[in-house]
Amino acid sequence: MEKILNNVKDFFTEFPEFIYLIIGIVFLVLFIGTVKNKNWAIDPESGNQRMFYNMFGHKTFRVFIGVVYILGTVAGFCGFFMYFTKK
0 MEKILNNVKD
10 FFTEFPEFIY
20 LIIGIVFLVL
30 FIGTVKNKNW
40 AIDPESGNQR
50 MFYNMFGHKT
60 FRVFIGVVYI
70 LGTVAGFCGF
80 FMYFTKK
């Protein structure tokens with residue numbers, strides 16, 4: 000297991016642009032879950048999120064979280080392409 004983790008660490012040290020690609024893909028999956036109204040993507044985890052959810056309702060929370068996820072997706076893919084084209 001340690002060998003695998005060292006290989007992964009070496010890969011991301013050599014090619015750091017793929018970290019941004021993974022971040023973009025994770026946020027894209029979460030955004031798709033938000034658009035499809037899946038509980039695993041929208042469920043408020045922390046107390047602050049739960050307060051916002053209870054105060055403004057499901058639809059407003061869903062829209063706000065969707066905007067955050069799409070911003071994370073764009074930032075992740077932009078970071079990847081900027082790093083990728085810099086080489």
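In numbering that gives the first Met the number 0, the protein residues as written are 0 to 86.
Just so it is clear, CB atoms sit at the ideal spot from N, CA and C, and this is done for glycine as well.
What does the alpha-carbon distance come out to for the pair residue i and residue j?
i, j, result
"residue 6", "residue 34", "36 Å"
"residue 74", "residue 31", "16 Å"
"residue 79", "residue 19", "5 Å"
"residue 82", "residue 69", "20 Å"
"residue 38", "residue 4", "32 Å"
"residue 67", "residue 76", "14 Å"
"residue 49", "residue 41", "11 Å"
Let's test the definition: count the other Cβ atoms within 10 Å of the Cβ of residue i and tell me whether it reaches 16, buried, or not, exposed.
i, result
"residue 29", "buried"
"residue 23", "buried"
Considering only the alpha carbon of each residue, which of the options lies closest to residue i?
i, options, result
"residue 26", "82, 65, 83, 85", "65"
"residue 36", "76, 4, 59", "59"
"residue 72", "21, 44, 53, 56", "21"
"residue 63", "85, 76, 43", "43"
Those runs of the alpha helix (DSSP H) which lie wholly inside the stretch 18 to 77 and span at least 4 residues: 38 to 41, 46 to 55
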